[in-house]
Each structure stands twice: as C-alpha cells, then as structure tokens.
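The opening position of the sequence shown corresponds to residue 10 in my numbering, with each subsequent residue numbered one higher.
Below is one structure, written out as structure tokens; comments come after it.
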Amino acid sequence: MNRQCLICDSSAVLTRDAAKGLSLLVGLFNGAIKGARRHHEGSGHADLLNGLAAVAPAYPEARKAAEDVVRFHFAGFDCLCLRCGALFDETAENKEGLSPG
C-alpha cells in the first residue's frame, strides 16, 4: 500500500516496523564492522570471519537500539513523514480515504 502523509501529501513515509527493521540491520552491520576491525591478522578472510562471528553477540545491543528508535521517534504512532516530520497512524490514513455516504 502506498502511504502518503496526511499533512504534506508526501510519499516519503516510514512505518514503525520498517524503521525498527532498518535500525536492527544497521546495528548488526555495525557489530560486524567492529568485529572485523578488532583482530588484525593480515588476512581478508580472517577479518570477514571475525566480522561474521561478531554479528550474534551484537544482536542484543542492536535490538535495544531499534526499540529505542521506535519508542523515541514514533512516540506510539505508526508512520513518520520524512519530509515534514508528521506522525500519524495508518488507521487515520484509511479513514481519511473513505468517502461519506
């Protein structure tokens, strides 16, 4: 479904679930980069394996950060407009699209 902002009619709308998923992905990617940089053995393969091994231990911190993004940036709403910063629920968007009668 193509979501549009209720205020500025922009289609640059981020849902709470998408933001949580992206934040989690970035957190895990950050953990992999830190793990790859931690051990300097001189081999690219070893760095890659160390980075992959660091993903699982980074999960709890990444999950906490993703939950904080949802809690502080969405404040209980479902959608965030990336253009004007409006917060709104998907149910309000659906009700707005209904025609009277």
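Beta carbons: idealized from backbone N, C-alpha and C, even for Gly.
Please read all numbers here as calculations on a predicted model, not as lab measurements.
Cut-off 8 Å between Cβ atoms - residues of its own chain near residue i, not counting five sequence neighbours on either side
i, result
"N111", "Shown here, the chain extends from 10 to 110; a query on residue 111 therefore has no answer."
"E99", "R12, T24, D87, C88"
Residues near residue i by beta carbon distance below 7 Å, same chain, minus five either side
i, result
"L33", "A71, R72, A75"
"A21", "C90, L91, R92"
Local Cβ density within 10 Å of residue i, reported as buried at 16 or more and exposed below that
i, result
"A65", "exposed"
"N11", "exposed"
"R25", "buried"
"C17", "exposed"
"L61", "exposed"
"S108", "Caution applies to S108, whose pLDDT of 45 falls short of 50 and renders its modelled position unreliable; the value that the coordinates give is listed next. Exposed, by the Cβ-count rule."
"L37", "buried"
Top-ranked residue by Cα proximity to residue i, from the options
i, options, result
"G44", "G53, E99, A63, A28", "A63"
"A41", "D87, L58, K29", "L58"
"F81", "S19, A28, L15", "A28"
Other residues of its chain near residue i: CB distance less than 6 Å, five sequence neighbours each side excluded
i, result
"G110", "Note that G110 scores 38 on pLDDT, short of 50, meaning its location in the model is unreliable; the coordinates nonetheless yield the value given after this. Hits under 6 Å: none found."
"L15", "F97"
Bridge partners - residue i, DSSP secondary structure assignment
i, result
"F97", "C88"
"L31", "Answer by DSSP bridge pairing: none, since L31 is not bridged."
"L23", "L89"
Can you check the segment 34–80 for any alpha helix (DSSP H) of at least 4 residues that lies completely inside it and give the ranges in chain order? Assignment of alpha helix (DSSP H) within the segment 34–80, counting only whole runs of 4 or more residues, yields 53–62, 64–78 in chain order.
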